[in-house]
Amino acid sequence: MKLKTIAVIFAISWPFCFSAQAAEFCVTNSIELKNALTSSQNNSQSDVIKIVTGSYTGGFSYLGSEDFHLTISGGWSDFFGNPCGHQIHTPLDTILDGNDTQRVMLIQAWAGSNISISNMAIIDGDAYPASAGGLEIRSHENYVGDVLVEKVAFVNNKGFFHSALATSRGRKITVRNNIFAVNENITGNGTVEINDAGLGIYFNNNTIVLNTSLANDAGVNSGLRATLYEGAGLFVANNLFWDNDGHDVTFIDVDMITTESYLYNNNIDTYVGTIHNVENNFTAQPIFDNDIFLAPTIASQEVNNGRNSPLFVPVPPPFNMQWGVGITDFNGNARIQDDKVDVGAIEVEPEEPIFKNGFEIIL
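First residue of the sequence shown: 335, per this note's numbering; consecutive thereafter.
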């Protein structure tokens with residue numbers, strides 16, 4: 335049984351573990367980032383792009399045409415002469431900026447290539463008259479790779495239908511430990527747009543706050559808009575939705591007969607659409623720390639109100655057990671610090687007990 339469990343955990347994790355044979359790029363300015371993306375499009379191998387801390391002006395694009403993986407991560411800095419020697423910085427230390435004139439980044443996935451974007455801030459993108467001013471991950475109809483977007487801050491992005499992030503198709507789409515704040519859409523179709531026809535969508539431990547729409551009809555959404563095709567599943571858990579225009583979540587084409595869908599442990603106001611399993615959601619105004627960007631305080635109801643991801647997974651793994659909260663939160667701290675995960679992208683450090691054993695020690 336232990337061997338089976340280890341095998342399943344490895345199977346769930348391996349798509350985002352890129353081969354040692356991957357080409358590696360260390361970029362320190364916008365030109366180097368653009369060149370690395372261009373080179374990665376058709377160099378007949380998987381690619382790893384490490385972005386040194388700093389500011390980079392978009393827009394950036396990757397138009398994949400080969401069946402190889404791509405991972406892009408920020409937060410890198412010098413270590414003994416290697417400019418990408420270690421990754422110790424938060425997402426807010428690596429800024430990709432659309433300068434309010436263009437989409438920040440476009441990724442076009444191909445065939446079975448896995449895409450991973452992590453540890454950066456994507457800000458001030460404007461895709462109008464198109465959508466997803468922050469990041470769009472598009473793909474061809476036969477795309478069967480996995481997508482991971484983790485520990486990314488999407489701030490002040492604009493788009494026509496949806497404002498910050500759009501990703502479509504693929505086998506498994508995972509969006510976790512991200513912050514979406516102060517983004518604006520025009521038509522009311524969400525800050526985040528995800529649609530999938532494969533295994534499904536896992537959207538967990540994100541903070542989605544203060545997003546707006548210029549639309550004012552009853553169906554306006556400034557949170558998550560999820561569309562499912564051909565039996566794909568949906569798992570939405572541990573997210574902090576607050577003060578968004580209109581609805582927080584819109585579920586579209588959830589097949590109530592042949593698929594699975596879950597809405598667990600979210601701080602959420604309203605949602606539209608049908609879903610199978612709804613448990614432990616709540617509505618409470620978060621209390622944010624004035625010194626840390628969108629981090630709840632210990633007094634906030636988000637603390638210890640999340641749902642932990644499974645430790646042991648059977649074979650074959652059921653849909654609702656193929657997800658994880660991640661090892662670290664948005665800021666790089668341990669994702670679980672007090673036995674129970676928090677709601678939202680940032681884990682609150684627990685208070686030290688005054689007298690852990692109940693007795694005062696006098697020195």
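Just so it is clear, CB atoms sit at the ideal spot from N, CA and C, and this is done for glycine as well.
First and last residue of the uninterrupted alpha helix (DSSP H) at residue i
{"i": "Glu366", "result": "364-374"}
Start-to-end residues for the beta strand (DSSP E) that takes in residue i
{"i": "Thr584", "result": "581-586"}
{"i": "Asp480", "result": "480-489"}
{"i": "Ser411", "result": "404-413"}
{"i": "Arg655", "result": "The residue asked about is misnamed: residue 655 is Met in this sequence, not Arg. Segment: none, Met655 is in no beta strand (DSSP E) and carries neither H nor E."}
{"i": "Arg437", "result": "From DSSP, Arg437 is part of no beta strand (DSSP E); its letter is neither H nor E."}
{"i": "His423", "result": "From DSSP, His423 is part of no beta strand (DSSP E); its letter is neither H nor E."}
{"i": "Glu358", "result": "357-361"}
{"i": "Ala515", "result": "513-515"}
{"i": "Ser450", "result": "449-457"}
{"i": "Thr561", "result": "555-562"}
{"i": "Ala571", "result": "567-571"}
{"i": "Arg472", "result": "469-473"}
{"i": "Ser395", "result": "394-397"}
{"i": "Thr428", "result": "428-431"}
{"i": "Glu613", "result": "611-613"}
Exposed unless 16 or more other CB atoms sit within 10 angstroms - verdict on residue i
{"i": "Phe698", "result": "An answer regarding residue 698 cannot be provided, because it is not within the stretch 335 to 697 covered by the chain."}
{"i": "Val570", "result": "buried"}
{"i": "His403", "result": "buried"}
{"i": "Asn458", "result": "The residue asked about is misnamed: residue 458 is Asp in this sequence, not Asn. Under this definition Asp458 is a buried residue."}
{"i": "Asp625", "result": "exposed"}
{"i": "Val649", "result": "exposed"}
{"i": "Glu685", "result": "exposed"}
{"i": "Thr561", "result": "buried"}
{"i": "Pro425", "result": "buried"}
{"i": "Pro620", "result": "buried"}
{"i": "Asn511", "result": "buried"}
{"i": "Leu645", "result": "exposed"}
{"i": "Ile456", "result": "buried"}
{"i": "Thr501", "result": "buried"}
{"i": "Ile632", "result": "exposed"}
{"i": "Asn377", "result": "exposed"}
{"i": "Ala515", "result": "buried"}
Chain-order list of residues whose beta-carbon lies under 7 Å from that of residue i (same chain, five-residue window excluded)
{"i": "Thr608", "result": "Phe585, Val588, Met590"}
{"i": "Gly580", "result": "Gly522, Ser547, Val554, Asn555, Ser556"}
{"i": "His474", "result": "Trp444"}
{"i": "Pro531", "result": "The residue you asked about is not Pro; residue 531 is Ala in the sequence shown. Answer for Ala531: Arg503, Tyr563, Glu564, Ala566, listed in chain order."}
{"i": "Asp427", "result": "Thr387, Gly409"}
{"i": "Asp401", "result": "Trp444, Ala445, Gly446, Ser447"}
C-beta atoms of residue i and residue j nearer than 8 Å
{"i": "Asn538", "j": "Asn578", "result": "no"}
{"i": "Val483", "j": "Gly446", "result": "no"}
{"i": "Ser407", "j": "Asn453", "result": "yes"}
{"i": "Gln421", "j": "Asp460", "result": "no"}
{"i": "Ile535", "j": "Ile507", "result": "yes"}
{"i": "Leu430", "j": "Phe488", "result": "no"}
{"i": "Val526", "j": "Leu568", "result": "no"}
{"i": "Asn601", "j": "Gln656", "result": "no"}
{"i": "Ala552", "j": "Ile520", "result": "no"}
{"i": "Val438", "j": "Gly467", "result": "yes"}
{"i": "Leu469", "j": "Ile451", "result": "yes"}
Nearest-angstrom Cα separation, counted from residue j out to residue i
{"i": "Ile449", "j": "Ile365", "result": "21 Å"}
{"i": "Val637", "j": "Pro630", "result": "8 Å"}
{"i": "Leu367", "j": "Thr541", "result": "28 Å"}
{"i": "Gln379", "j": "Leu371", "result": "13 Å"}
{"i": "Val659", "j": "Asn573", "result": "11 Å"}
{"i": "Asp673", "j": "Asn639", "result": "11 Å"}
{"i": "Asn529", "j": "Phe414", "result": "43 Å"}
{"i": "Ser373", "j": "Ala356", "result": "13 Å"}
{"i": "Asn433", "j": "Thr662", "result": "30 Å"}
{"i": "Gln442", "j": "Ile471", "result": "6 Å"}
{"i": "Tyr605", "j": "Asn654", "result": "20 Å"}
{"i": "Val682", "j": "Asn667", "result": "9 Å"}
{"i": "Phe359", "j": "Gly419", "result": "12 Å"}
{"i": "Val647", "j": "Val509", "result": "20 Å"}
{"i": "Ser399", "j": "Phe627", "result": "38 Å"}
{"i": "Val612", "j": "Leu397", "result": "39 Å"}
{"i": "Asn614", "j": "Asp412", "result": "44 Å"}
{"i": "Arg505", "j": "Asn476", "result": "10 Å"}
{"i": "Arg641", "j": "Ile680", "result": "14 Å"}
{"i": "Ile346", "j": "Leu597", "result": "Only weak support exists for where Ile346 lies, its pLDDT of 44 falling under 50; the value from the coordinates is given anyway. Distance between the alpha carbons of Ile346 and Leu597 is about 21 Å."}
Spatial neighbours of residue i in its chain, beta-carbon cut-off 6 Å, leaving aside the 5 residues before and after
{"i": "Glu518", "result": "Lys492, Ser497, Thr546"}
{"i": "Val386", "result": "Thr362, Trp410, Pro417"}
{"i": "Pro463", "result": "Phe494"}
{"i": "Ile383", "result": "Phe359, Ala370, Ile406"}
{"i": "Thr592", "result": "Gly565"}
Neighbour flag for residue i against chain C, beta carbons, 8 Å
{"i": "Asn448", "result": "This model lacks chain C altogether; it includes just one protein chain."}
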